[in-house]
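Structure first, then comments.
There are 2 protein chains.
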Amino acid sequence: METFFNPKSVVVIGASNSPFNLGATICRSMNEFSPWDGRVYAVNRKAEAVHGCPGYAAVTDIPDAVDLAVIITPAAVVPDFVDQCAEKGIKHLIIESSGFSEGGEQGRAMQRRIDETAKKNHMRIMGPNCLGVLNTQNKFCCFYGIQQDDFNVFARENGTISYIIQSGGIVVIVLESFSMDVVKANKIVSIGNKSDIDEADMLEYFQQDDSTQVIGMYLENIKNGRKFIEAARRVTKPILAFKTGRTSEGSQAAMSHTAGMANNDEVFDNACKQGGIIRVNSISELHALPKIFTHMPPLQGKRIAVFTNSGAFGGITADLLVQAGLEMARLSPETQEKLSRTGQIFNVSNPIDLGPALSMQTFLEIFDILLSSNEVDGLLPVPSLWHPMVIDAIVELVKKCRYYGKPAAIYTPNAVHKTVTYRQQYQVPIFESPEEAVRALKVSYQNSRYLAMKMALEERKQAVCNRDGELSCGSMR
Amino acid sequence: METFFNPKSVVVIGASNSPFNLGATICRSMNEFSPWDGRVYAVNRKAEAVHGCPGYAAVTDIPDAVDLAVIITPAAVVPDFVDQCAEKGIKHLIIESSGFSEGGEQGRAMQRRIDETAKKNHMRIMGPNCLGVLNTQNKFCCFYGIQQDDFNVFARENGTISYIIQSGGIVVIVLESFSMDVVKANKIVSIGNKSDIDEADMLEYFQQDDSTQVIGMYLENIKNGRKFIEAARRVTKPILAFKTGRTSEGSQAAMSHTAGMANNDEVFDNACKQGGIIRVNSISELHALPKIFTHMPPLQGKRIAVFTNSGAFGGITADLLVQAGLEMARLSPETQEKLSRTGQIFNVSNPIDLGPALSMQTFLEIFDILLSSNEVDGLLPVPSLWHPMVIDAIVELVKKCRYYGKPAAIYTPNAVHKTVTYRQQYQVPIFESPEEAVRALKVSYQNSRYLAMKMALEERKQAVCNRDGELSCGSMR
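Listed below in structure tokens is the structure:
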């Protein structure tokens, strides 16, 4: 699998100098936009060089060894090129062309021919009908149609979140949104129709991949439910997944897009429960929620303390937390007394109403009191940014959360564009709505619970092993 | 009520030149930021002028007639100033000070004294514990703490949406968000503890107010359920309302913020149903959804046609529409045939997959086919903005929707900051997520249904009147 993300040499089959040629855009981004330093070849009828990549009429004409082939020709000629790749000894193929299983009987017949060639020659195939791979570590990217500006945004700093995404359009939204956030992408893979490599294979890969901390998924169907659950079970990193097809209408629409069977959505829900996958409710949650994992310790319990200097948000967040199955932390008289001593606070019971004016010192004391209290598992701070001091206090809060090992899902009540500006300028994980902040706490708690259950289960297994000796232990695994 | 929004002369009681004086910020915005040309007086201990507003030691010292008093002193001295206002003959008071019903027994006693004076002297009171009024028509604004930049944003072009908001913090978020959208505010009123004027009074006022087209509400409680329902029933404009206190925790938090009884939330839900109020799910819906009413014809039926060139959104929107109780329009073979003839479309059944490349002409033909079809009640277009032509097509779509009398809730699949930029630049109503677009269709349909029911009911009444003669008709009304 590593070759897909870190090839030394690539051939783009179907790249030419014709106007609107999509393969040419791949050559361009590999050879001109990216500092990735592998060799790139083009294959086209005229054997012409494309954006500085030497051109050949056939794959077998390329004089050097090639690690990876990217195919972006009309569907009808793809099977022949797959044969050429087999002859050349290329073991890794990304087929970006569409018109296979999602395109009727003729497409399915071509798909079968490709599958046979691949099987016989031990080739691994990504796609068809996909966008391929982006690796922000080495800046390798075989997406088509990318402009210089987009490339710069997408391949920016190398982050820790990797995505498995069945649709190219969603890749673009997720990556664009990251440019406004504190989290960054690590690797992205768009798997399309999944004729060979599927979501389960990618889960396995990202679990092993050291630079991946969180895994995100956009799926239109599951190729193999059993394999998917098994793979998910082996993953110890948080997995956030969005899947379409909750209704039969949605499921039908997805089928015409990336083929695949119309899955029973309950099967996926069950897979999520068994494999500890967090099912998210929108595309925006896919890019908005990971920061609770990358920038905050996990939420280990349900009890949340809210503090705000915009009284309305006390009620709003209390509603949201309770509706999400979390709890408003009950603060003891001692804790309330400590809070009272910090300064002029309007209301020291949870939700804590800070009132309009607070000093930095008061903020820091409140953070310490709440984070050190065994009555509180996590924080939902809703501070108005009425003074530059408040954002400095938020920066300190993030440090204190790490110190105490408890998370805060911060929301600053203002229009989203202001939130985004502050978040980027200070690189603090601020959520864009109270709903999003509560969801972040919820998914963090969900993940902690799953890991705790899993650990308990493994300890029980271990206890059985220790009692029954090595032999039965081996068989249980 | 008109005097609150259009006074000729105002006294700000509690405005002085002390540092951090909130009253001074009101004098400043009235006298320096705003082109509103009424007279402003200040009342303070030193009888000093504030930001060019002549100062007096008592309200009764002001030589001229005064329409409206804005009180922003410590709670303890408010009752005395209310007495002074009574003596001066001022009939309209906005009490912005806090510390009354929400602040314990002493506060409640002061509140009672104020109520008695007001009753005896036929005075109307807004507040206490509020931010008062903004009227973007004449730029009259008595909010405290407003800076020049904020004022410019808030009082911008005069729009058609008026808000009744119980909390000052929410006022600021809503107004800031409008600066990124195509809709604009008309009048905003922050009613706080509602000792006298309540949400029902304001509904009545905005129903009569010609420049108000849509009404938004943020409530923490309902003062008088019966009065509220009766008022809502008389309103024929769309009302969008957000209320906290869905859970007992949220309700308790709201009580400590703006006093009031902890209402049974079901009572509010019933009031919404009976009064045709659309209950929204978040603060952001309060400012994001009105554009479906101001910029689009109403949705009169459930059948929605989706078209997109980002295949993934076919499945996503189909799920969302069906979950919202709307329907995917079934396109007849004739309609599909017409769509096929427009150009190279991937999939002509709903959701329509436009494929990547389309001409302006093709777009326009698709709009005409769908909007003129009696199989379709509204559109959910999800066009990728891959080419400047697409945004030009959206501009044309808005015109065609008005022509055919059917709405489109447009979502362009990209990061929110791009959406906002396009929306502002082209002044077209684009929603920020597929969820928001579907909610917009849903609330438009909900409002149409309510109005249709109401009209049917009135026609039945009329029929009874015609049969039974004038007398029984009068008694039925």
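In the order they appear, the protein sequences are chains X and E.
Each residue of the first sequence is one higher than the one before, starting from 3 at the first, in my numbering.
Each residue of the second sequence is one higher than the one before, starting from 3 at the first, in my numbering.
Each residue gets a CB set at the ideal place from its N, CA and C atoms; glycine is no exception.
- If you ignore the 5 residues before and after D200 of chain E, its C-beta comes within less than 6 Å of the C-beta of K225, all in its own chain and listed in chain order.
- In terms of beta-carbon proximity, F315 of chain E lines the interface with chain X, with at least one pair separated by less than 8 Å.
- Chain X has a Cβ within less than 8 Å of the Cβ of I172 of chain E.
- At a cut-off of 8 Å between beta-carbon atoms, P353 of chain E makes contact with chain X.
- Runs of alpha helix (DSSP H) with 4 or more residues, each lying fully within the region 165 to 202 of chain E, are found at 170 to 180, listed in chain order.
- Rounded to the nearest angstrom, the gap between the Cα atoms of A120 of chain E and M3 of chain E is 15 Å.
- Under the three-state reduction of DSSP, R305 of chain X is assigned to strand.
- In this structure I74 of chain X is in contact with G25 of chain X, their Cβ atoms being roughly 5 Å apart against a cut-off of 8 Å.
- By the 16-neighbour rule on beta-carbons within 10 angstroms, K10 of chain E is exposed.
- With a cutoff of 8 Å on beta-carbon distance, L288 of chain E and G218 of chain E are scored as near each other.
- Excluding its 5 nearest sequence neighbours in each direction, I318 of chain E has C-beta neighbours in its own chain below 6 Å: P436, listed in chain order.
- Contact between the region 11 to 21 of chain E and the region 58 to 71 of chain E is present, with at least three C-beta pairs closer than 8 Å.
- Rounded to whole angstroms, the separation of the alpha carbons of E232 of chain X and T238 of chain X is 12 Å.
- By the neighbour-count definition (other C-beta atoms within 10 Å, threshold 16), A314 of chain X is a buried residue.
- Fewer than three beta-carbon pairs drawn from the region 134 to 145 of chain E and the region 364 to 382 of chain X are found closer than 8 Å, and the two stretches are therefore not classed as touching.
- Restricted to the region 20 to 63 of chain E, the alpha helix (DSSP H) segments that are unbroken, complete and at least 4 residues in length are 24 to 30, listed in chain order.
- Taking a cut-off of 8 Å on C-beta distances, the region 327 to 336 of chain X does not touch the region 265 to 279 of chain E, as fewer than three cross pairs fall below it.
- DSSP assignment within the region 388 to 423 of chain E yields the following whole alpha helix (DSSP H) runs of 4 residues or more, N-terminal first: 390 to 406.
- If you look at S99 of chain E, you'll find it isn't in any beta strand (DSSP E); DSSP assigns it neither H nor E.
- Excluding sequence positions up to five before and after T364 of chain X, its CB lies within less than 6 Å of the CB of T344, G345, all in the same chain and listed in chain order.
- Neighbours of I175 of chain E in chain X, taken as residues whose beta carbon is under 7 Å from its own, are P415, N416, A417 in chain order.
- Residue range 134 to 137 is occupied by the beta strand (DSSP E) that includes N137 of chain X, with no alpha helix (DSSP H) assigned at that position.
- Taking 9 Å as the Cβ-Cβ cut-off, the region 224 to 243 of chain E has no residue approaching chain X.
- Cβ atoms of K229 of chain E and A202 of chain E come within 8 Å of each other, at about 4 Å.
- K420 of chain E reaches chain X at E178, counting residues in chain order whose Cβ is nearer than 9 Å.
- Here DSSP, grouped into helix, strand and coil, assigns D212 of chain E to coil.
- Taking the Cβ atoms as the reference, I354 of chain E lies roughly 14 Å from A395 of chain E, outside the contact range of under 8 Å.
- Our two residues, Q215 of chain X and G129 of chain E, have alpha carbons roughly 51 Å apart in a direct line.
- Against chain E, the beta carbon of D82 of chain X has no neighbour under 9 Å; the closest one sits roughly 24 Å away.
- When secondary structure is reduced to three states using DSSP, N154 of chain X falls in the helix class.
- The straight-line gap separating the alpha-carbon atoms of I285 of chain E and D85 of chain E is approximately 38 Å.
- Between the alpha carbons of K189 of chain E and V392 of chain X lies a distance of about 30 Å.
- Under the Cβ distance rule, T249 of chain E counts among the residues neighbouring chain X, one pair being separated by less than 8 Å.
- Under DSSP, T310 of chain X takes part in a beta bridge, and its partners are X:D355, X:V384.
- Boundaries around I285 of chain X are those of the alpha helix (DSSP H), 285 to 290, since no beta strand (DSSP E) includes it.
- In terms of Cα proximity to A88 of chain E, the closest of E:G109, E:P65, E:I116, E:M112 is E:I116.
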